[in-house]
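Participant: This is the structure, below, for whatever I ask next.
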Amino acid sequence: MNEIRVGLIGFGTVGSGLAQTLHEQKDRLIRRTGAAVTLTRVADINIDKLPEHLNSAVLSRDAADIFNDPDIDIVVELIGGIEPAKTFLLEAIRHKKHVITANKALLSIHGREIFEAAVANGVEVGFEASVGGGIPVIKSLKEGLVANRIMSIMGIMNGTANYILTQMTDHGTPFAEVLKEAQELGFAEADPTYDIEGIDTAHKLAILMTIAYGKHVQLSDINTEGISRIEPIDIEFAKEFGCRIKLLAISQNHGEHVEARVHPTMVPCSHMLANINGAYNAIHFNGDTVGNVLLYGPGAGKMPTGSAVVADVVDIGRNILNQSINRVPALSYLPEHIGTPSITPMSELTCPYYFRISAADQPGVLSAISGIFARHDISIKSVIQKSRHADEPVNIVIHSHEASEAAVELALTEINALEVCAVPAVKIRILTSDD
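Just so you know, we're using UniProt numbering here: the sequence shown kicks off at 1 and counts up by one.
Printed below as a string of structure tokens:
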């Protein structure tokens, strides 16, 4: 029987999920590929012993043992981070090994170098698990939607942030309390910065945009804001506007340029993405041929992500067996047709806005704020002023019509400079029903 031999670097949560999936689905994979898919070597500096079901695999503390093994066909990197992961992948490619990674941070920063090295060495790169966990979003975008010009990408791509916002929405719990709970449940890391500040989501959006548009989009191209300033009061006002707050990745294709942004967004309750709750992910594409497509599922976790890695192993294994390497280009477009993106400046964005301004309850304050908005051509749709406790600032909530980001930034600079304003205003963009 044919055999596809796999070497694994990193036996953590996802690595152990990969190993378990290969073991439990061994017979099914044989029936679907005509080959035994075997994990033959594992490199990890933090473990001394592999599970019993891997008794035929060799454990090493040196990743070079995997690169230098002539029998290994595919190297899977699951250690995360930039280094030494980047060096390991490039070294595996140099040794003519096909590679698979779930490392969205690495691909969003150094993806171009890795993909170009793979082409030069005639090997494949699998990265299904880098976006959406167990959701087959990469394969859907680069193969299932290949006939489409992608007009937009919108998604909830971080389960930690979505869990926090869901708990705040459903139970009114303050951000800090929900974050602590998420850490205790294992949904959030001890250092949650990448999750709550939108960086993890931006990594994933960069990868999707590269495939969708045939342009090498990097993390630095994406305007990124997190959810740490969202308070329960913002959640409650969102409900009054018929919305839920979500951390969205958004890209709109304008032809000559494309939007690239991650930020908290008020999403109308009628929109599909408004009802994606808990730690789940969802990615919405609009294609000029297919229309709207929504992919939904678990965005992380040992077994869902392990499932995605195995999908890459099987894809590459089939290509090896049929001598059809790079039948599907890693980024969908042929390498010679992948260019450099032109990113829409955030100053050119236009959309409705929510503003929450904490100010002293004095005569003329609302008039002064309204005057500033008017001077910058920002039209006010509605104003809400809630009752307050004595000697506390009042929250003035303003829902604007569509306005430009440039005008909004100028107006907020003036408003925040007012002596009556206690803290910087909160700004949240609002998704329109047409988006």
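Backbone N, C-alpha and C define an ideal beta-carbon position, used for all residues, glycine too.
Identify the continuous alpha helix (DSSP H) that holds Arg5 and give its terminal residues.
Facilitator: Arg5 -> not in any alpha helix (DSSP H); beta strand (DSSP E) instead, spanning Asn2 to Ile9.
Participant: Check whether the stretch 30-48 touches the stretch 100-108, taking contact to mean three or more Cβ pairs, one atom from each stretch, closer than 8 Å.
Facilitator: Too few Cβ pairs lie closer than 8 Å, so no.
Participant: Cα separation between Thr432 and Pro192?
Facilitator: Each residue's alpha carbon lies about 30 Å from the other.
Participant: Going straight from the alpha carbon of Gln218 to that of Gln362, what length do you get?
Facilitator: Each residue's Cα considered, the two are about 47 Å apart.
Participant: Return the Cβ separation of Val238 and Arg244 in integer angstroms, given the expectation that the two are a contact with Cβ distance under 8 Å.
Facilitator: Residue 238 is actually Ala in this sequence, not Val. 6 Å between Cβ atoms; contact.
Participant: Give the C-beta separation of Ile100 and Ala63 to the nearest angstrom, bearing in mind that I take them to be a contact with Cβ-Cβ under 8 Å.
Facilitator: Actually they are not in contact, since the Cβ atoms of Ile100 and Ala63 sit about 14 Å apart, beyond 8 Å.
Participant: Using a 10 Å radius around the Cβ and a threshold of 16 neighbouring Cβ atoms, would you call Leu18 buried or exposed?
Facilitator: Answer is buried; the Cβ neighbour count reaches 16.
Participant: Evaluate Gln167 with the Cβ neighbour count: other Cβ atoms within 10 Å of its Cβ, from every protein chain shown; 16 or more gives buried, anything less gives exposed.
Facilitator: Classification of Gln167: buried, given that the 10 Å Cβ count is 16 or more.
Participant: When you compare the CB positions of Pro352 and Glu419, do they come within less than 9 Å of one another, or not?
Facilitator: Their beta carbons are not under 9 Å apart, which means Pro352 does not touch Glu419 by this criterion.
Participant: Could you pull the start and end residues of the alpha helix (DSSP H) that residue 471 belongs to?
Facilitator: This structure gives no information on residue 471, because the portion of the chain shown stretches from 1 to 435.
Participant: If you count every other CB in all the chains shown that lies within 10 Å of the CB of Lys417, and 16 or more means buried, which is it?
Facilitator: The identity of residue 417 in the sequence shown is Ala, whereas the question assumes Lys. When all chains shown are included, Ala417 counts as exposed.
Participant: So the alpha helix (DSSP H) Met266 belongs to, where does it begin and stop?
Facilitator: Taken as a continuous stretch (DSSP letters only), Met266 belongs to no alpha helix (DSSP H), being part of the beta strand (DSSP E) at Arg261 to Pro268.
Participant: Look at the alpha carbon of Ala36 and the alpha carbon of Val146, and state the distance between them as a whole number of angstroms.
Facilitator: Looking at the two C-alpha atoms, the distance is approximately 30 Å.
Participant: Quick check on this structure: which residue in Ile199, Lys26 and Ala176 has the alpha carbon closest to the alpha carbon of Glu225?
Facilitator: Among Ile199, Lys26 and Ala176, the Cα nearest to that of Glu225 belongs to Ile199.
Participant: Of the choices Ser382, Pro335, Glu184 and Val314, whose alpha-carbon is the least far from that of Phe127?
Facilitator: Nearest option by C-alpha distance: Val314.
Participant: Looking only at C-alpha atoms, which of Ile428, Ala260 and Leu410 sits nearest to His399?
Facilitator: Considering only alpha carbons, the answer is Ile428.
Participant: On a CA-only basis, which of Ala406, Ala311, Ile164 and Glu189 is nearest Thr33? Give me that one, please.
Facilitator: Nearest C-alpha to Thr33: Ala311.
Participant: Within 8 Å, do at least three Cβ pairs link the stretch 118-137 to the stretch 247-258?
Facilitator: Segments in contact, no.
Participant: Restricting to Cα atoms, I'd like to know which of Asn103, Phe285, Ser140 and Phe115 is closest to Ala129.
Facilitator: The shortest Cα separation from Ala129 among Asn103, Phe285, Ser140 and Phe115 belongs to Asn103.
Participant: Please state whether DSSP places Gly198 in a helix, a strand or coil.
Facilitator: If DSSP states are grouped into helix, strand and coil, Gly198 belongs with coil.
Participant: Provide the residue(s) that pair with His280 in DSSP beta bridges, ordered along the chain.
Facilitator: A small correction: the amino acid at residue 280 is Tyr; His does not occupy that position in the sequence shown. In the DSSP output, where bridge partners are listed per residue, Tyr280 has Pro298.
Participant: Using DSSP bridges, identify the partner residues of Lys246.
Facilitator: According to DSSP, Lys246 bridges with Thr265.
Participant: With a CB to CB cut of under 7 Å and the five nearest residues on each side skipped, what residues in its chain are close to Arg318?
Facilitator: Excluding residues within five positions, the ones whose Cβ falls inside 7 Å are Thr33.
Participant: So within the stretch 130-207, which uninterrupted beta strand (DSSP E) runs reach at least 3 residues, ignoring any that extend past its ends?
Facilitator: Correct list: 150-156.
Participant: What's the C-alpha gap between His271 and Thr21?
Facilitator: Approximately 35 Å between the Cα atoms of the pair.
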